[in-house]
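One structure is given below, encoded as structure tokens.
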Amino acid sequence: MKLLVATGNAGKLREIRQALEGTDIRVEGLVDYPGLQVAQEDGDSFAANATKKALTIARQAGCLCLADDSGLEVAALAGAPGVYSARFAGPQATDADNNALLLARLAGVPAGQRQAAFRCLMALCDAAGRCRLFEGRLDGEILTRPLGAGGFGYDPLFWLPGQNCSLAQLDLAAKNRISHRGQALAALLAALRQGGDPLSQQELPQQTG
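Offset between the sequence shown (1-based) and my numbering: plus 6.
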């Protein structure tokens, strides 16, 4: 089975490929399909953005497409950065820019009040406009300084009390076992292994764009 992942994020694509190793699913990325027009992420929720991205590419490529929208929700910031996680510090923000702004916004917030969660919504869509959603969540706390060189995004600032390390200190296989994206992928894989049509159990209304 071919699965086109609608992302230009090399870190996300690498994680998805590793999580699906050993299956008969051939994972391809947008780099394999030059010229496709990606959707603008203007939804008000992770689910809306993931669905729009997957549908837009599936309809152009004519194949099964997977897209995710994920981000960090910080309790002390009323759930921010949320859907704006990738562009928290601006449209062209780097991971370092976003991390620096997050630390600045949390300056003075004491330990015990820095709870946060990574959330991931994945949409699997076909060219006919049918979609199915898969969700994952990982709870943790925000550090006062980055730890670890692995992962990407906010991983160096995300402390896992149960693991006694940051998300960036885990190797990729360990991260995939517990991460929000890994949980969503596990649910996706379970659906694919059931056989038959993976989109037959849950459909969403067709969306434009």
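Every residue gets a Cβ at the ideal spot worked out from N, C-alpha and C, and that includes glycine.
So, using beta-carbon positions, are residue i and residue j closer together than 8 Å?
i	j	result
A174	P162	yes
L153	I184	no
F52	S76	yes
A82	K59	no
R138	L127	no
S91	L78	yes
Taking the alpha carbon of residue i as the point to measure from, which residue in the options has its own alpha carbon closest?
i	options	result
A67	D203, A134, A92 and A192	A134
A16	F164, G159 and L194	G159
R136	D30, Q43, L205 and A12	L205
L10	E47, A64 and Q24	A64
G35	A192, D48, A102 and E21	E21
G41	H186, N105 and G14	G14
Helix, strand or coil: how does DSSP classify residue i here?
i	result
Q212	Confidence is the limiting factor: at Q212 the pLDDT is only 40, short of 50, which leaves the residue's position unreliable, though a coordinate-based value still follows. In the structure shown, Q212 sits in coil (DSSP, three-state: anything other than H, G, I, E or B).
A180	helix
G188	helix
L26	coil
V37	helix
T51	It is Ser, not Thr, that sits at residue 51 in the sequence shown. Residue state, collapsed to three classes: coil.
Can you name, in chain order, every residue of its own chain whose Cβ lies under 8 Å from the Cβ of residue i, other than the five neighbours on each side?
i	result
E147	A117, R120, Q121, A122, F164, W165 and P167
D50	V89
Q213	Low per-residue confidence applies at Q213: pLDDT is 40, beneath 50, and the placement is therefore not dependable, though the value from the model is reported in the following sentence. Excluding residues within five positions, the ones whose Cβ falls inside 8 Å are T57, K58, L61 and G135.
Can you find the residues in the same chain that come closer than 6 Å, C-beta to C-beta, to residue i, ignoring five residues on each side of it along the sequence?
i	result
R199	none
Which partner residues does residue i have in the DSSP bridge list?
i	result
Q121	E147
M7	M7 pairs with nothing; no bridge assigned.
With a threshold of 7 Å on Cβ separation, who are the neighbours of residue i within its own chain once the five nearest residues in sequence on each side are excluded?
i	result
V33	L9, V11, I22, R23 and L26
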